[in-house]
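Number of protein chains: 2
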Amino acid sequence: MTPSDSTHVVIMAGGVGSRLWPISTPDHPKQFIDVLGVGRTMIQLTFDRFLPVCDPTHFWVVTGEKYLDMVREQLPSIPLDQILLEPMGRNTAPCISYACRKIAAKYPGANVAVTPSDALVLQKEKFVSVIDEALHAVDGTDRIVTVGIVPTRPETGYGYICSTSTVKDTLCKVSEFKEKPDLETARKYLEAGNYFWNAGIFVWAAETVNKEIALHAPSISAVMDRIAPSFYTEGERAALREFFPQCEKISIDYAVMEKSPNIYTIASDLGWSDLGTWGSVGEHIRKDGAGNSIVGSDVHIYNTGNCIIHTEGSEVGRVVVDSLDGYIVSLKGGKLLICPIANEQRIREYSGS
Amino acid sequence: MTPSDSTHVVIMAGGVGSRLWPISTPDHPKQFIDVLGVGRTMIQLTFDRFLPVCDPTHFWVVTGEKYLDMVREQLPSIPLDQILLEPMGRNTAPCISYACRKIAAKYPGANVAVTPSDALVLQKEKFVSVIDEALHAVDGTDRIVTVGIVPTRPETGYGYICSTSTVKDTLCKVSEFKEKPDLETARKYLEAGNYFWNAGIFVWAAETVNKEIALHAPSISAVMDRIAPSFYTEGERAALREFFPQCEKISIDYAVMEKSPNIYTIASDLGWSDLGTWGSVGEHIRKDGAGNSIVGSDVHIYNTGNCIIHTEGSEVGRVVVDSLDGYIVSLKGGKLLICPIANEQRIREYSGS
Numbered sequence: 007m008t009p010s011d012s013t014h015v016v017i018m019a020g021g022v023g024s025r026l027w028p029i030s031t032p033d034h035p036k037q038f039i040d041v042l043g044v045g046r047t048m049i050q051l052t053f054d055r056f057l058p059v060c061d062p063t064h065f066w067v068v069t070g071e072k073y074l075d076m077v078r079e080q081l082p083s084i085p086l087d088q089i090l091l092e093p094m095g096r097n098t099a100p101c102i103s104y105a106c107r108k109i110a111a112k113y114p115g116a117n118v119a120v121t122p123s124d125a126l127v128l129q130k131e132k133f134v135s136v137i138d139e140a141l142h143a144v145d146g147t148d149r150i151v152t153v154g155i156v157p158t159r160p161e162t163g164y165g166y167i168c169s170t171s172t173v174k175d176t177l178c179k180v181s182e183f184k185e186k187p188d189l190e191t192a193r194k195y196l197e198a199g200n201y202f203w204n205a206g207i208f209v210w211a212a213e214t215v216n217k218e219i220a221l222h223a224p225s226i227s228a229v230m231d232r233i234a235p236s237f238y239t240e241g242e243r244a245a246l247r248e249f250f251p252q253c254e255k256i257s258i259d260y261a262v263m264e265k266s267p268n269i270y271t272i273a274s275d276l277g278w279s280d281l282g283t284w285g286s287v288g289e290h291i292r293k294d295g296a297g298n299s300i301v302g303s304d305v306h307i308y309n310t311g312n313c314i315i316h317t318e319g320s321e322v323g324r325v326v327v328d329s330l331d332g333y334i335v336s337l338k339g340g341k342l343l344i345c346p347i348a349n350e351q352r353i354r355e356y357s358g359s
Numbered sequence: 007m008t009p010s011d012s013t014h015v016v017i018m019a020g021g022v023g024s025r026l027w028p029i030s031t032p033d034h035p036k037q038f039i040d041v042l043g044v045g046r047t048m049i050q051l052t053f054d055r056f057l058p059v060c061d062p063t064h065f066w067v068v069t070g071e072k073y074l075d076m077v078r079e080q081l082p083s084i085p086l087d088q089i090l091l092e093p094m095g096r097n098t099a100p101c102i103s104y105a106c107r108k109i110a111a112k113y114p115g116a117n118v119a120v121t122p123s124d125a126l127v128l129q130k131e132k133f134v135s136v137i138d139e140a141l142h143a144v145d146g147t148d149r150i151v152t153v154g155i156v157p158t159r160p161e162t163g164y165g166y167i168c169s170t171s172t173v174k175d176t177l178c179k180v181s182e183f184k185e186k187p188d189l190e191t192a193r194k195y196l197e198a199g200n201y202f203w204n205a206g207i208f209v210w211a212a213e214t215v216n217k218e219i220a221l222h223a224p225s226i227s228a229v230m231d232r233i234a235p236s237f238y239t240e241g242e243r244a245a246l247r248e249f250f251p252q253c254e255k256i257s258i259d260y261a262v263m264e265k266s267p268n269i270y271t272i273a274s275d276l277g278w279s280d281l282g283t284w285g286s287v288g289e290h291i292r293k294d295g296a297g298n299s300i301v302g303s304d305v306h307i308y309n310t311g312n313c314i315i316h317t318e319g320s321e322v323g324r325v326v327v328d329s330l331d332g333y334i335v336s337l338k339g340g341k342l343l344i345c346p347i348a349n350e351q352r353i354r355e356y357s358g359s
């Protein structure tokens, strides 16, 4: 596949990943970490995933100011002026609006894939074909294509896309978006077959984004009108700092997806996970015979099973775990967590944040 | 109490404390660590303990070459040429012989208290009176006084001193030394009342040490004869490196105590512990209401009891422990141990040493 000149990818990398403490912290969040111990960080894996459809020079990252150095270090091929720095996080709608206004200003015919930076996709080739199909579907139209993930369990931690069809791997109209359901509802979704996990990946023309936001979130559009004259100038940073914080804090789902009539989905089995919890991380690290998922080069276990043991960083030395079953043990930057996997919902409390 | 000019203290600080991994490592062993979280390291506590009977300028430390900087940093008032550096550990007899030969060369009438550097004594005032009594008892005589600890349990991890008397706090003749007993024997010792723990603290005139070693361990004495001409000269280090390794590797107990007829003991309740195991460390750290012994400034526990949680070092951050009962959790220098206290005898294996 040859990347199209009109294709751009926007990687949203402003999150703090608080549910993966202590490996993920506000100073060094999840997307900049090699969560799975595979030698690439989550944002690098995201970049890699889109390379077949997008030239390296057409990638954009939107992130917090303090993460600039990490982005430059981890994704050195992205041009510096395409690393967009939010003065503060305002959720995804202002983030996407800023990126797409800026892209459209320089590349009027751009088609844009917007993606989180911290999710996992196991089916990489299939993913590429889905994105490619989506890019063709939006080219020259005002369609918005969301990537739907065929659910494998009645997950209550994700939002759902209700498609007009149960057909997979094909462009279908979306009838509505559903917030995180309760378990009973999630089971019904699973049974119905036309509900798909919302991976937060959107494909559309940059102009479509800007029109939709002007229509459905005019206050954000108005803020961008103030910033736009400074795009690609030395004054951009100052303008951002002055005006960006005025943006309403709102997700693109609320701001646009739930309101626009032009939403489509391509639903696929992509082996996708948001790696949002320790449990989901553990599921994607190869287990030993005793059910342990271990990341770390000097970990020694005795009489230990069903644990997630994650040690990261050059400062970590020998780690010995004896007689634990079903625990998370995570050591990073001098911070240590030992807790039952079953208690992972308490990690925000544990982290003291 | 005013220290006598003739009193010297020799602190033996060459051990590696392998049973307290990971806080104690060959690079930073137990005696140089604030094991109990009291703000002083074990060797500092040892120094403090003897200060009432010995002028700071009459302390001597025998240790490994690589520990020189730690000794200087932790005990700055000890004169540099009284920090004696063994090229390699040869157990306690060569260590004590070297120190006492050197002391006697400069201070012919010296009386010497020899002590380990890594034990705990809770009854500090009583300890001082015992040492003072011992110093008086050896002055101008060829007596050797060992400090006996009245046993509080049938401990199988210590050697015992068999006294000719059950009387405490008074100088008594020793009939023999006993190696670590089995449990049944230890129970008999406890019941008999004239068996005391051997704390490895010996008080004697420097000349007595040298005579006893010449008599019972002549090969060590012969090595010291080769080194002695260089004492207090620039050539001492080279002579030590050349000859000291030829010393037989033997403890003072084997070399002298079990052979000499001049051994006495003063047995006392001193609140003594060698802090040789994690369990003994845990017993001497104040427990919270759930039986946890915690050292560390940023430790947060949930549903956790009967644990020893020991975190040490400026690099250690927030530590969270949830749902452990009866475990050791120790984090230092990037090394982490999590194991049941009941498995502490496996720590040498865990440490990979």
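Protein chains in written order, with the numbering used here: chain F, 7 to 359; chain P, 7 to 359.
Every residue gets a Cβ at the ideal spot worked out from N, C-alpha and C, and that includes glycine.
Note that this is a predicted model, so its numbers are computed, not measured.
Taking the Cα positions, asparagine 268 (chain F) is about 14 Å away from asparagine 216 (chain F). When DSSP states are grouped into helix, strand and coil, valine 305 (chain F) belongs to the strand group. Interface criterion met: the Cβ of isoleucine 344 (chain F) is under 8 Å from a Cβ in chain P. Between alanine 212 (chain P) and alanine 116 (chain P), the gap from beta carbon to beta carbon is short of 8 Å.
The residue among P:Val322, P:Arg247, P:Asp188, P:Phe53 with its C-alpha nearest the C-alpha of methionine 94 (chain P) is P:Arg247. For the alpha helix (DSSP H) assignment, the uninterrupted runs of no fewer than 4 residues enclosed by the segment 96-144 of chain P are, from N- to C-terminal side, 98-112, 130-144. Around glycine 297 (chain P), no beta-carbon contact reaches into chain F at under 9 Å, the shortest distance being about 17 Å. Taking a C-beta cut-off of 8 Å against chain F, none of the residues of the segment 264-276 of chain P qualify. By the neighbour-count criterion, in which 16 or more other beta carbons inside 10 Å mark a residue as buried, glutamine 351 (chain P) falls on the exposed side. When Cβ-Cβ separations below 8 Å define contact, tyrosine 356 (chain P) makes contact with chain F. In chain P, no part has a C-beta under 7 Å from the C-beta of glycine 20 (chain F); the shortest such distance is about 23 Å. Linking arginine 232 (chain P) to alanine 220 (chain P) through their CA atoms gives a straight-line distance of about 13 Å.
Contact between valine 15 (chain P) and threonine 147 (chain P) is ruled out by a C-beta separation of about 19 Å, above the 8 Å threshold. Contact check for proline 160 (chain F) and alanine 192 (chain F): beta-carbon distance about 4 Å, within the 8 Å limit, so the pair qualifies. Just measuring C-alpha positions, the residue of P:Leu276, P:Thr170, P:Ala261, P:Gly43 sitting nearest alanine 198 (chain P) is P:Thr170.
Assignment of glycine 206 (chain F) by DSSP, reduced to helix, strand and coil, places it in the strand class. Going by C-alpha positions, lysine 36 (chain F) is about 49 Å away from valine 68 (chain P). Listed by position along chain F, the residues whose Cβ is nearer than 7 Å to that of glutamate 318 (chain P) form an empty set, because the closest Cβ is around 11 Å away. Identification of chain F residues near leucine 330 (chain P) by a Cβ-Cβ cut-off of 7 Å yields Ile344, ordered along the chain.
Interface flag for valine 325 (chain F) against chain P is set, since a Cβ pair is found closer than 8 Å. Leucine 126 (chain P) sits close to leucine 281 (chain P), with the two beta carbons spaced by under 8 Å. When the five nearest sequence neighbours on each side are left out, the beta carbons in the same chain lying within less than 7 Å of the beta carbon of glycine 297 (chain P) are those of Gly311, Asn312, in order along the chain. Taking the C-beta atoms as reference points, phenylalanine 65 (chain F) is found nearer than 8 Å to glutamine 88 (chain F).
Nearest neighbour of isoleucine 207 (chain F) by Cα position, chosen from F:Phe56, F:Asp294, F:Glu79, F:Ser359, turns out to be F:Phe56. Counting the other CB atoms within 10 Å of its CB gives aspartate 75 (chain F) a total below 16, which places it among the exposed residues. As the crow flies, the alpha-carbon of isoleucine 314 (chain P) is around 14 Å from that of aspartate 328 (chain F). Counting along the chain, the unbroken beta strand (DSSP E) around lysine 341 (chain F) starts and ends at 341-346. Going by beta carbons, aspartate 294 (chain P) and arginine 324 (chain P) fall outside the 8 Å limit.
Against chain F, the beta carbon of histidine 306 (chain P) has neighbours under 9 Å at Tyr356, Gly358, listed in chain order. Counted as a single uninterrupted DSSP element, the alpha helix (DSSP H) harbouring threonine 52 (chain F) occupies residues 48-56. In the DSSP assignment, no residue is bridged to histidine 64 (chain F).
Inter-residue distance for glycine 154 (chain P) and cysteine 101 (chain P) is about 21 Å (C-alpha atoms, whole angstroms). For a Cβ distance threshold of 7 Å, nothing in chain P lies close to glutamate 350 (chain F): the least Cβ distance comes to about 10 Å. Under the three-state reduction of DSSP, tryptophan 278 (chain P) is assigned to strand. Less than 8 Å divides the Cβ of proline 9 (chain P) from the Cβ of valine 59 (chain P). Taking a contact as a CB-CB distance under 8 Å, the pair leucine 26 (chain F) and tryptophan 284 (chain F) counts as one, their CB atoms being some 6 Å apart.
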